[in-house]
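Here the structure comes first, spelled out in structure tokens, and everything after it is commentary.
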Amino acid sequence: MDDLIASLTREVADFPTPGTQFKDLTPLFADRRGLAAVTDALADAVAGADLVAGIDARGFLVAGAVATRLGTGVLAIRKGGKLPPPVLAEPYNLEYGAAILEIPASGIELAGRRVVIVDDVLATGGSVGAAQRLLEHAGAVVTMAAVVLELAELGGRELLAPLPVRSLRLA
Ligand code: AMP
1 MDDLIASLTR EVADFPTPGT QFKDLTPLFA DRRGLAAVTD ALADAVAGAD LVAGIDARGF
61 LVAGAVATRL GTGVLAIRKG GKLPPPVLAE PYNLEYGAAI LEIPASGIEL AGRRVVIVDD
121 VLATGGSVGA AQRLLEHAGA VVTMAAVVLE LAELGGRELL APLPVRSLRL A
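In structure tokens form, the structure reads like this:
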């Protein structure tokens, strides 16, 4: 699994900002074996969830596939301004500036549901943390986060503690 992810990750230096080593998982998701292996491993990691939440936008690819494998629904956690009102919104800090994540404020019952958050890459943990706060404000029980690739030196796991985090590969 580790070798498969490594071999199908495109490394791009200095994108989107100087000094950032961008990990592009497009080749992994475009590969039949890669997508199946990642889906199976993440589904095993989050088994027991009753809803899979994916973070805009690459998290949607993983979340939909994992939810289908588990037989659960999927929830898209959108970037600010994409959803019609009413919404629940949660601001968070990026390396430069700030952003917002949103979910619909009506139409889905989240109270008491066991939700897992999935994304492609865990970096600082800011977006998973905002997604967790958002879901918890809506009454959900966030049981864990699961990602394909974790950039360990950025401290996302520590920021999110005590939320359990499972990653398929450390970089
Ligand atoms: P985070 O800092 O953990 O909130 O990461 C924010 C989002 O940006 C995540 O959804 C990641 O997919 C993406 N991201 C952050 N840093 C990188 C990176 N070095 N390579 C690829 N994606 C990244």
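Quick note: the sequence shown uses full-length UniProt numbering, first residue 1, plus one each step. Quick reminder that beta carbons are idealized off the backbone N, C-alpha and C, glycines included.
- A105 sits in coil when the DSSP states are folded into three classes, being neither helix nor strand.
- Spanning the alpha carbons of T20 and K82 requires a straight line of approximately 27 Å.
- Secondary-structure assignment with DSSP links S167 through a beta bridge to V147.
- In this structure, the ligand AMP has a non-hydrogen atom nearer than 7 Å to the beta-carbon of T124.
- For A123, the closest of A37, D24 and R133 by C-alpha to C-alpha distance is D24.
- DSSP lists A76 and V118 as the beta-bridge partner residues of G54.
- The nearest non-hydrogen atom of the ligand AMP is less than 7 Å from the C-beta of F22.
- Taking the Cα of G126 as reference, the smallest distance to any Cα among G54, V118, L159 and V142 is reached at L159.
- Nearest C-alpha to V147 among I100, L61 and A13: L61.
- Cβ-Cβ distances below 8 Å link A41 to M1 and L168 in the same chain, with the five nearest sequence neighbours on each side left out; the list follows chain order.
- At least one heavy atom of the ligand AMP falls within 7 Å of the beta-carbon of D119.
- For R113 and A161, the gap between their C-alpha atoms comes out near 20 Å.
- Three or more Cβ pairs closer than 8 Å define a contact, and the segment 60-78 meets that threshold against the segment 93-112.
- Annotation: D31 is outside any alpha helix (DSSP H) and is labelled neither H nor E by DSSP.
- The C-beta distance from E90 to L134 rounds to 4 Å, short enough to fall under 8 Å.
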